[in-house]
């Protein structure tokens, strides 16, 4: 791709081999709000003493999920029409505008406890230091499927470790907390000497844009959009979004029961694959089997994580089973036999093993290793 420029407020990239084709960058992100104007940020902490099935009987652990829902600024058809009109005025015949392919999205989540107005200042006068929760994964919103162009809404999720989870919960119960989400969008094929990422806002962005990359090839991913979103949350005013529940032998209905990861599309490991569906079967607290499923697709390579939620309460005393349905780009479907899953406290990785990946993918990985 060629150099980037702003046209009618939209950042576009010229195709290096097709003079009529241009790629437009994604819109900026903002925190999603509900009908009452409350930020769609939620924290669920499930505490349990472990079971023999999970392999940690008698050990106090937590399974926590912090969700940060965001909206992308819409790039409407009228905006694209204005860009096309401008390009025609510049002599471009029949300009074709398509979304810039996003190969990867990286993000980091931090929090800072806010002092109460009547709180005594610290002796040295210093402000609280931001605490890193970790790297967040991008998940799709169930009822927000992309209909063309970029997606409208996504959810950044993270499962903090036990210590971080407890510290965050304590901070939330003590008062207001500032959450900050730093993110960066990457795209392939942009020359580093021509590309300058769009950085929104005034907050310093601690993302991979700060890395020293003096001699990257044009095929390497480059940051095209970076920003830091901040939101002040008050758990006392939105108690339904910040919950702590104790689970001994079951997970309540509609709660996050299992995290699943698949890097086949995010890391371009399976060029032959169009979609991978993971079916999870568990026993309800009444003993009846119930099934839920999640899907990963080449149309959304930025989504490599999903959370399984069952409509009914599920038992942790019994292990879950899973099977995988793969649909290739040729429309061929392959279904694996049912397998016994890992302990409930562990995430399930369904990425294609190296020995089952296409030969060209293996050769590429070996070349990069050298």
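In my numbering, the protein residues as written are -10 to 359. Cβ atoms here follow ideal geometry from the backbone N, Cα and C, with glycine treated the same way. None of the values given here were measured: they were computed from a predicted structure.
Helix, strand or coil at residue 171 according to DSSP, with G and I counted as helix:
strand
Just to confirm the assignment, what range does the alpha helix (DSSP H) spanning residue 302 have?
Segment: none, residue 302 is in no alpha helix (DSSP H) and carries neither H nor E.
Tell me the DSSP bridge mates of residue 95?
173
The beta strand (DSSP E) spanning residue 339 covers which residue range?
No beta strand (DSSP E) contains residue 339, which DSSP labels as neither H nor E.
Rounded C-alpha distance that separates residue 258 from residue 249
17 Å
Checking 8 Å against the spacing of the C-beta atoms, do residue 138 and residue 88 come in under that value?
yes
Residue 247 in three-state terms, based on DSSP:
strand
Apart from the five residues on each side of it in sequence, which residues of its chain come closer than 7 Å, Cβ to Cβ, to residue 96?
124, 125, 145, 170, 171 and 172
One question on the structure: do residue 142 and residue 25 come within less than 8 Å of each other, judged by their Cβ atoms?
no
How far does the beta strand (DSSP E) with residue 271 in it extend, from its first residue to its last?
262 to 272
Of the choices 320, 213 and 174, whose alpha-carbon is the least far from that of residue 292?
174
Nearest-angstrom Cα separation, counted from residue 262 out to residue 324
13 Å
Using the C-alpha atoms, what's the distance from residue 298 back to residue 240?
10 Å
According to DSSP, residue 56 sits in a beta bridge with which residue or residues?
31 and 146
Here's the rule I'm using: 16 or more other beta-carbon atoms within 10 Å means buried, otherwise exposed. How should residue 7 be labelled?
exposed
Identity of the residue in 66, 276 and 9 nearest residue 369 by Cα:
Beyond the ends of the chain as shown, which are -10 and 359, falls residue 369; an answer cannot be given.
According to DSSP, residue 85 sits in a beta bridge with which residue or residues?
10
Taking 8 Å as the cut-off, decide whether the C-beta atoms of residue 327 and residue 312 are in contact.
yes
Expected contact under 8 Å - CB spacing of residue 168 and residue 100 to nearest Å:
5 Å
Within 10 angstroms of its Cβ, does residue 91 collect 16 or more other Cβ (buried), or is it exposed?
buried
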